[in-house]
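Under my numbering, residues 54 to 411 are what the sequence shown spells out, in order.
Glycine residues also receive a C-beta, built at the ideal position from the N, C-alpha and C atoms.
Remember, predicted model here, so these are calculated numbers, not experimental data.
These notes concern the structure reproduced below.
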Amino acid sequence: MKTQRDKRRAQRPRGQSASENPLRDPAPIRNDGQSREETRGGEAEPGSRSAVRRQRRTGTLPAERVPLILEVAPGTDYALIDSGDGEKLEQYGPYRIVRPEGQAVWARALGEAQWADVDAVFTGDTDEEGMGRWRFPKAVLGETWPMKHDGIDYLGRFTSFRHVGVFPEQAPHWRHMETLIREAKRPVKVLNLFGYTGLASLVAARAGAEVTHVDASKKAIGWARENQEMAKLGDRPIRWICEDAMKFVEREDRRGSRYDIILLDPPAYGRGPKGEVWQLFEDLPAMVDLTRAILSDRPLSVVLTAYSIRASFFAIHALMRDAFAGMGGAVESGELVIREKAGGRALSTSLFSRWVAA
54 MKTQRDKRRA QRPRGQSASE NPLRDPAPIR NDGQSREETR GGEAEPGSRS
104 AVRRQRRTGT LPAERVPLIL EVAPGTDYAL IDSGDGEKLE QYGPYRIVRP
154 EGQAVWARAL GEAQWADVDA VFTGDTDEEG MGRWRFPKAV LGETWPMKHD
204 GIDYLGRFTS FRHVGVFPEQ APHWRHMETL IREAKRPVKV LNLFGYTGLA
254 SLVAARAGAE VTHVDASKKA IGWARENQEM AKLGDRPIRW ICEDAMKFVE
304 REDRRGSRYD IILLDPPAYG RGPKGEVWQL FEDLPAMVDL TRAILSDRPL
354 SVVLTAYSIR ASFFAIHALM RDAFAGMGGA VESGELVIRE KAGGRALSTS
404 LFSRWVAA
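Structure below.
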């Protein structure tokens, strides 16, 4: 039986640590030892950014639309085939993959033969980095393979902490962002914080936006740049910045830099490249407040996604409404879900809240 220490070793902060495995590990909202990042408690030290108290903004709160459930259906590029008994069976391009899924507390819809007919299974039964955490029942596969999202080519990758470099539940946010960019009929600047492997950045760039992509992991930035070349979007204006997200946003505020759309996909816990500590519940309010400060005079949207936290979406919904008081528009909050192909069940993956201008 795995100890809590073993479980923690299998979890890595996403895009927030260069000293540990830096690629993020986003699991759904759960408390089963398989979460994407572990929330580390403790009181903030005096003078730390977590200890700063903020005053509540005045002004009329934005309209609200809750609950909003954004769903991903099975498709050609990706499908959740079946789930149950703590695992999920997925199709990523040419490969069928089995991975842990703590929220799948129900019984499987398909039989053992269909679950055994797979190309890769994440085992998590070694402490080594690299391919040691994957078992390949048919043939040993390479570390990467070509994938596609809505016509955008990118690289899937068998990482040592069970993820493959894309989070298909985010597709509704990407479509929403792309629509905003195209309908704006003007230059749009997008800031993608905790950007990981860059699919959101590529979607925004393809739509015509000028993109700034920030992640604290050099390895994640390298993978994202590979994806840009794979997608044949090398001529699009994307700035790739390896830095602690909070420090970057604070500096952009001082510089007077402004953005029309901001994406926030932070870990529950992480470390920056210079040892900066990120703790979601302590640092998220200040981060959301700063995103308002660096919005342009014609802002379009701020999108916040939260994985692996012990909270209701109403918590981040209230945070976002308070932060955007007096701005008009609306705050939409709820969950991202993936619709299962075999049993028709909806698998919840994360909470989200987004402010959208009027």
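- Apart from sequence neighbours up to five positions away, the residues of its chain that approach residue 126 with a beta-carbon distance below 6 Å are 392, ordered along the chain.
- Closest in C-alpha terms to residue 128, from the list 288, 362, 144, comes 144.
- Per DSSP, residue 120 is one residue of the beta strand (DSSP E) stretching across 116–125.
- Under the criterion of beta carbons closer than 8 Å, residue 139 and residue 160 do not qualify as touching, at roughly 11 Å.
- Around the CB of residue 270, 16 or more other CB atoms lie within 10 Å, so the residue is classed as buried.
- Excluding its 5 nearest sequence neighbours in each direction, residue 135 has C-beta neighbours in its own chain below 8 Å: 141, 142, 161, 162, 163, 167, 168, 393, 394, 395, 396, listed in chain order.
- In this structure, residue 321 keeps its C-beta atom at 9 Å or more from the C-beta atom of residue 342.
- Under the Cβ criterion (8 Å, minimum of three pairs), the stretch 347–358 counts as touching the stretch 310–319.
- Restricting attention to beta strand (DSSP E) runs no shorter than 3 residues, the stretch 267–333 encloses them at 291–295, 314–317, 322–324, 330–332, ordered along the chain.
- Judged by DSSP in its simplified three-state form, residue 227 adopts helix.
- Annotated as distal: residue 319 and residue 295, with beta-carbon spacing of 9 Å or more.
- With a cutoff of 9 Å on beta-carbon distance, residue 273 and residue 110 are scored as not near each other.
- In the DSSP assignment, residue 369 falls within the alpha helix (DSSP H) that extends over 366–376.
- Across the structure, residue 225 and residue 389 are spaced so that their CA atoms are roughly 8 Å apart.
- Inclusion of residue 208 and residue 199 in the CB contact set at 9 Å is warranted, their separation being smaller than that value.
- Going by beta carbons, residue 133 and residue 205 fall outside the 9 Å limit.
- Taking all protein chains in view, the Cβ of residue 232 is surrounded by fewer than 16 other Cβ atoms within 10 Å, so the residue is classified as exposed.
- Inter-residue distance for residue 153 and residue 387 is about 23 Å (C-alpha atoms, whole angstroms).
- Straight through space, the alpha carbons of residue 211 and residue 177 are spaced by roughly 12 Å.
- With a cutoff of 9 Å on beta-carbon distance, residue 264 and residue 315 are scored as not near each other.
- In the DSSP assignment, no residue is bridged to residue 340.
- Bridge pairing for residue 148: 145 [DSSP].
- Under DSSP, residue 174 forms a beta bridge with 151, 188.
- Residue 385 counts as buried, since at least 16 other C-beta atoms from the protein chains shown sit within 10 angstroms of its C-beta.
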